[in-house]
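Accompanying notes for the structure given below.
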Amino acid sequence: MTTSERAELAVTLFTTMARARALEDALAVHIRDHGFAGYWHPGKGQEAAAAGASAALRTDDYLFYQGRGATWPLAKGMGLAPIIGDLLGRSTGSTGGKGAGVPHWADPALGIMGEGASLGSVYHIAAGAALSAKLRGTDQVALADFGDGTSARGTFHETLLQASAWRLPLVYFCENNGISVSTRFEDVSPTKTIAERAAAYGVPGEVVDGHDALAVYDAVGNAVERARAGQGPSLIEATVTRVGGHWEGDAQQYRPADFLASYRDPLDVLRSRVDGAVADRILEEARDEVAAALRDAEAAPYPDPSVILKDVFA
Amino acid sequence: MTTSERAELAVTLFTTMARARALEDALAVHIRDHGFAGYWHPGKGQEAAAAGASAALRTDDYLFYQGRGATWPLAKGMGLAPIIGDLLGRSTGSTGGKGAGVPHWADPALGIMGEGASLGSVYHIAAGAALSAKLRGTDQVALADFGDGTSARGTFHETLLQASAWRLPLVYFCENNGISVSTRFEDVSPTKTIAERAAAYGVPGEVVDGHDALAVYDAVGNAVERARAGQGPSLIEATVTRVGGHWEGDAQQYRPADFLASYRDPLDVLRSRVDGAVADRILEEARDEVAAALRDAEAAPYPDPSVILKDVFA
Amino acid sequence: MSVETAAETKVISYDAAQGAALAEEMRRDPTVFLMGQDVAMGGFFGGGRGLVEEFGLERVRNTGITEAFMVGAAAGAAMTGMRPVVQLGFADFSLIAGDEIFQKLGKWRHMHGGQFELPATIIMPIGPSGGAGPEHSGSMEMLPMHFPGLKAVVPSNPADAKGLLKAAIRDPNPVLYYPSKQLNFKRGPVPADPDLLVPLGKAAIARPGTTISVISYGCMVPRVLEAAETLAAESIDLEVIDLRTLVPLDREAILASVRKTGRAMIVHEAPRTAGPGAEIAALIQEHCFYALEAPVARLGAVDAPIPASRFLEDLCFPSVTDVVELARQLARA
Amino acid sequence: MSVETAAETKVISYDAAQGAALAEEMRRDPTVFLMGQDVAMGGFFGGGRGLVEEFGLERVRNTGITEAFMVGAAAGAAMTGMRPVVQLGFADFSLIAGDEIFQKLGKWRHMHGGQFELPATIIMPIGPSGGAGPEHSGSMEMLPMHFPGLKAVVPSNPADAKGLLKAAIRDPNPVLYYPSKQLNFKRGPVPADPDLLVPLGKAAIARPGTTISVISYGCMVPRVLEAAETLAAESIDLEVIDLRTLVPLDREAILASVRKTGRAMIVHEAPRTAGPGAEIAALIQEHCFYALEAPVARLGAVDAPIPASRFLEDLCFPSVTDVVELARQLARA
Ligand SMILES: Cc1ncc(C[n+]2csc(CCOP(=O)(O)OP(=O)(O)O)c2C)c(N)n1
Ligand SMILES: Cc1ncc(C[n+]2csc(CCOP(=O)(O)OP(=O)(O)O)c2C)c(N)n1
Ligand SMILES: [Mg+2]
Ligand SMILES: [Mg+2]
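Printed below as a string of structure tokens:
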């Protein structure tokens, strides 16, 4: 990658993250003022992980995200209108407003493959997409995103074992924010990292600073390249910080004092790689775009109730 | 352990294994001649693993075995009558003849806690028994026995993670016979051993020659001691050989030529530690006992059909 | 003395009533302990607040995201002398721990010839909760009706939430306890007496009546009672049966009521098709065929996944109006 | 041309018929592939013998003991252009992969606004097989009746075993295919034509009759037909409906028959309580109330775990005698 390509990438990442952050801030206000159509799990502070990882994927690569924040669909190319449309349960959402609350954004044309809200259920779905690519002879890659808490599910093990034995083009991407609702990672994990468990599956494992979007991009880029070359899965663990509560409105009485100790705002980290005036303009545009999209969504209609019985079967 | 205690142990182990082997041989004939009440998964060749491991447990330690052969209940103190009674579906069985076929031998007073025939379902049950011991403040240990194939289940991961974080008095004991029905271990495992995966859970992992009962006894003994001392779980992997088919009657067309390459008859291996005349007498007595027990079982009544609706609830 | 006539009561929420049951049983019996995600902070729905302060982290155990482990470990602990209570975040996760619940907890005793007791309680909240989505709004209580070996409980009010949970914990069998999330913050009088249980297997007549027997449970009971008020003005006099327990099912209470009224409908939060209402309707027509004046009617959730949108979610479950309208039809039939 | 009138047939076993369906569909469509334990040796029940020789190890994939993975991976492969077929050893294992089957395969399309198709087939053998024990003898086919989004099939003979499996594989939806293990080695004529399907959702009249409508499926169909022979001598003329598919259920076929006979019984291999028969009985009395001369009767397995002992196992399921006796009672009622 040339220096100018790298600079361009930084701008792209910063733009994604600025929009994600503006959306977080606007939603917090919206939820406070208007109530909300459902559960919201804020992603503030974790934008760099999703943005960097997603940028390392092609449009036709398969993304299976875990639903904290909205950086993932934004980064993979979904517009604000379908994202906010779903959040507010409007027919303009990517699911037609069905998948509001706990969001189920999807757009197969963008490789945004949706969410499984029983956590840990997308490891094997992602592996199945990777297997599909392998069987169809394409060089597509599938990425399975998950949290530190979700690494405990048995599905983590079954899939990585099988995917490694089959050398599937799969990337395990962990956002380790050190907590699962109120439960600290160190209280449920006998190892310091999740990456070190990769050896048990004969695959490479790497820890990367998830506050640094470019570092994440590089680490995931290597894993994607390896997968595309037919060398099988990798595990990338991004160390991130959950700035807010588990859900919007979480009183967080459990929150330990040192919880933000290693936090650096990922927008600040990336800003140093972007021209200052450009960054300011991006931030401002992002706020405007989000405000406009939110207004549009509020004005958009709810879906017709008949959608409840639609699409149970094809 | 003194030299004479060690010699005594060898005799005990040899006696267990001789009876297990005699039972295997008698059952093969019985099944050929009389048909059978159910599925039988022969354990010929794997006797040393179960005998050695079980001997390292106290009577009040909890055993959760995987149902190949009958060495486990024998080694943990169950008589031939209840074992064969269950196999033939007679009321003299340990379950009153209910758990015949795929055997569900149990005797809580001997720490024989039964079997879960969805493989991989006893990891967490054993961990629960270990947790129970910890909470009740006893120094009992629980052992979870499993095959190489069964190490792929997600339950392996969930339980070892949680048991390690909680330092439960649990021993994972794997009988790696290199095959799961027709599927070779190397075709589904990216690692050479299962023991090396222990590091991912922050617990010790060790491979031991499962044809050598005393070696197994020593390895499991260390793991049990560690567990009893409150230092948490360990994983012992015994390398064994499945001499027969997956089930009695398996034509084994899949069987690779080299499958018995590393096999040494565990009775021969142990025989060198036992006085020759004593060994001969043990073998002969074992055959006689098994023959008598089989005759008794054949003469014993089937349970009354009303047992079907009994014990659904306490 | 029964819950209905208890001397001293306190007005608390359905959720807090579960917490009170846990605290009392843990105080009474040192073998009772709790496992689940974030139970030390009071659980996802907060009912267990204060438990960790009183009983400590050994007996109020935070687990990882390991539903299969929790239930399997509960089986192991139960068969070795403990009385584990597992808190699953959502009843939907019973499908993650399906082997552990239905093949192990439900069968271990029977398949080992009655040699074990498994006094474990699994708490699994059912139904919608304001947009939790298709994978977190399920009603799974028909499973233990079909798969043997498990008792099953669905409380409809705070007093029962407490009394049934206490009975579940003391029962020698595995009990699946299904609180209805829609009732979490509903408050009501709850007996303070720590020795008062609501026995498993006994239905309650929530409202005596003569026109139609309405068999219901959980969060639909208050809706049916509300409908009954409206209908009373039209001389449609509902007899409302709150099942409380689905396994064992109080067949006598159901059949006696239907023999009296000659008309029956079943209302539940679970999907309509092949739900608990199917078994109950089949049972009623088997035993009350000649007493029935009209077919047994059923109301349940839509036979579709529940959308995450709160706007659509509301439309998926039987409303008071649905009950009123169906009862009117049935009264006329 | 229908399966019933197919020109060319070959007598093969139920099990081999499934193998033939797989081979034909894999030949026809390169996106069809098979995953499961030991499928390369033909699977636990041997029906898939020869597949690996023709299609190789990439399309006939041996997995480890990873049921949740298999089904989850099938969902992922199905939503990205493949037609996976998963072979689970026993239907009981659907409880290990419960989240994957009922929360993912069944809901992914709906919860993502209809943007995906999931043409996956999961083969899960049901019922006893000569002592496989309580955890390997289950009948799980009532689950997809209650949980939305999955079609469900139970073939009763070799021709249907082939035709329904082919239809399942070609269907754009996830289909749960439940062969009855008791029929594995039963032989019968099977159409050779690779384009002949048995459509999902259409019941068959296995025997026309006038006295009682017997609604059945899977391995109970031959037993009911045998009972019908005995009963014919007593002028009890059974109409035997073989459902073939439980989802979608052919309500019209059931209701039309019961309207004609006025008497109905349901016979299945699944436990009686809250089984498929509960839904069907509830449905019949809802729609044929005034046509019914007697309550709808049900026969099913005992409401208990199935003992591993073959001697006891036999006693747990409806026998030909049970059908005969219940039909006599019903004819008299
Ligand atoms: C199987 C399952 N168990 C429990 C939950 C409830 N739950 C929702 S989010 C969450 C915490 C997840 O922690 P982690 O994976 O670290 O992700 P994070 O919330 O930190 O982003 C839990 C337990 C769930 N959705 N699925
Ligand atoms: C969950 C589950 N999946 C599949 C089976 C079917 N099955 C019975 S034995 C067996 C092979 C087990 O292999 P392994 O664990 O290596 O033990 P071994 O048979 O070699 O002793 C399989 C797949 C099962 N009983 N449970
Ligand atoms: Mg986390
Ligand atoms: Mg093996």
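Sequence lines, in order, name chains A, B, C and D.
Here the working numbering is used: the first residue of the first sequence is 176, the next is one more, and so on.
Here the working numbering is used: the first residue of the second sequence is 176, the next is one more, and so on.
Here the working numbering is used: the first residue of the third sequence is 263, the next is one more, and so on.
Here the working numbering is used: the first residue of the fourth sequence is 263, the next is one more, and so on.
Ideal Cβ positions, reconstructed from N, Cα and C, are used throughout, including at glycine.
Predicted, not measured: the structure shown is a model, and the values here were computed from it.
- Burial check for V204/B: the Cβ neighbour count within 10 Å stays below 16, so the residue is exposed.
- Runs of the alpha helix (DSSP H) spanning 4 or more residues and lying entirely within the stretch 388 to 429 of chain C occur at 405 to 408, in chain order.
- Considering only H408/C, E555/C, I358/C, the residue with the shortest C-alpha distance to A540/C is H408/C.
- Cβ-Cβ distances below 6 Å link R194/B to L249, A461 in the same chain, with the five nearest sequence neighbours on each side left out; the list follows chain order.
- Near chain A, meaning a CB-to-CB distance below 8 Å, the residues of the stretch 320 to 336 of chain B are A327, R328, G329, T330, F331, H332, E333, L336.
- The stretch 492 to 504 of chain C makes no contact with the stretch 438 to 449 of chain C; the number of CB pairs closer than 8 Å stays below 3.
- Of all residues, those with a beta-carbon under 6 Å from at least one heavy atom of ligand 3 are G322/A, D323/A, G324/A, N352/A, I354/A, S355/A, reported in chain order.
- G338/D has its CB no nearer than 7 Å to any heavy atom of ligand 1.
- The beta carbons of A421/D and A382/D sit no closer together than 8 Å.
- The stretch 310 to 342 of chain A contains, as complete beta strand (DSSP E) runs of 3+ residues, the segments 317 to 322 (chain order).
- What P510/D touches in chain B, judged by beta-carbon distance under 9 Å, is nothing: the nearest beta carbon there is about 30 Å away.
- Y552/C sits exposed, since fewer than 16 C-beta atoms from the chains shown fall within 10 Å of its C-beta.
- The continuous alpha helix (DSSP H) containing D463/B extends over residues 451 to 474.
- If you check the CB distance, M288/B and S269/B do not come in under 8 Å.
- Beta-bridge annotation (DSSP): T507/C is paired with V415/C.
- Interface residue (Cβ-Cβ distance to chain C less than 8 Å): S339/A is not classified as such.
- Closer than 8 Å to the CB of N324/C there is at least one CB belonging to chain A.
- For D512/C, the number of other beta carbons within 10 angstroms of its own is at least 16, and it is reported as buried.
- Contact annotation: in the stretch 396 to 417 of chain D, residues whose CB is within less than 7 Å of a CB in chain C are P396, E397, M404, M407, H408, P410, G411.
- In the three-state DSSP reduction, S475/D falls in the strand class (E or B).
- Setting aside the 5 residues that flank it on each side, E329/C is surrounded in the same chain by L350, F355, I358, A359, each with a C-beta closer than 7 Å to its C-beta; the list follows chain order.
- The straight-line gap separating the alpha-carbon atoms of P292/C and D208/A is approximately 47 Å.
- With a cut-off of 8 Å on Cβ pairs, the stretch 332 to 345 of chain A is not in contact with the stretch 358 to 369 of chain A, counting fewer than three such pairs.
- In this structure, the alpha-carbon of V476/D lies about 56 Å from that of K309/B.
- By the neighbour-count criterion, in which a residue is buried when 16 or more other Cβ atoms sit within 10 angstroms of its Cβ, D300/D is buried.
- E329/C has its Cβ nearer than 7 Å to a heavy atom of ligand 1.
- The secondary-structure analysis by DSSP pairs D384/A across a beta bridge with T414/A.
- In the structure shown, R371/C falls within a helical segment according to DSSP collapsed to helix, strand and coil.
- At a Cβ-Cβ threshold of 8 Å, P431/B and S409/B do not count as neighbours.
- Between M297/C and chain A, the shortest Cβ-Cβ separation is not below 8 Å.
- Residue pairing by DSSP places S355/A opposite T358/A in a beta bridge.
- Within a 10 Å sphere around the beta-carbon of K272/D sit fewer than 16 other beta-carbons, which makes this residue exposed.
- For the stretch 564 to 577 of chain C, residues whose beta-carbon sits nearer than 8 Å to a beta-carbon of chain A comprise V564, D565, A566, P567, P569, A570, S571, R572, F573, L574, L577.
- In the structure shown, I516/C falls within a helical segment according to DSSP collapsed to helix, strand and coil.
- Chain B has no Cβ within less than 8 Å of the Cβ of T246/A.
- Under the three-state reduction of DSSP output, Q349/C falls in the strand class.
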